[in-house]
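Presented below is the structure to which this report refers.
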Amino acid sequence: MKRFTITRLLELSALLWVGVALLNYAPAWVWVVIGVLGGIALLPVLAIGVIAGFYYPIAQGVKLLGRGDKEGE
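All letters in the sequence shown, in the order written, are residues 39 to 111 by our numbering.
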């Protein structure tokens with residue numbers, strides 16, 4: 039396996055820029071595929087956010103919809 043060096047980083051950066059430049063000439067279906075794959079890749083992030091949004095307050099002892107203990111009032 040190659041060691042990760044500054045030279046390797048520059049090579050990868052150059053390849054990335056060439057790839058982005060070539061996307062200027064890509065047909066519309068390539069952009070659709072990129073969008074769909076990007077959306078699929080973001081689904082786990084959305085799921086984690088929804089789960090954390092529901093379960094974190096419960097784990098902290100806070101009832102949803104303002105039906106918690108009224109100690110603070």
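Cβ coordinates follow ideal geometry from the N, Cα and C atoms, glycine included.
- In the structure shown, the three-state DSSP call for F92 is helix.
- Under the DSSP assignment, T45 falls in the alpha helix (DSSP H) whose first and last residues are 44-60.
- DSSP, reduced to helix, strand and coil, places P65 outside both helices and strands of the structure shown, so it counts as coil.
- A direct Cα-Cα distance of roughly 10 Å separates L75 from W69.
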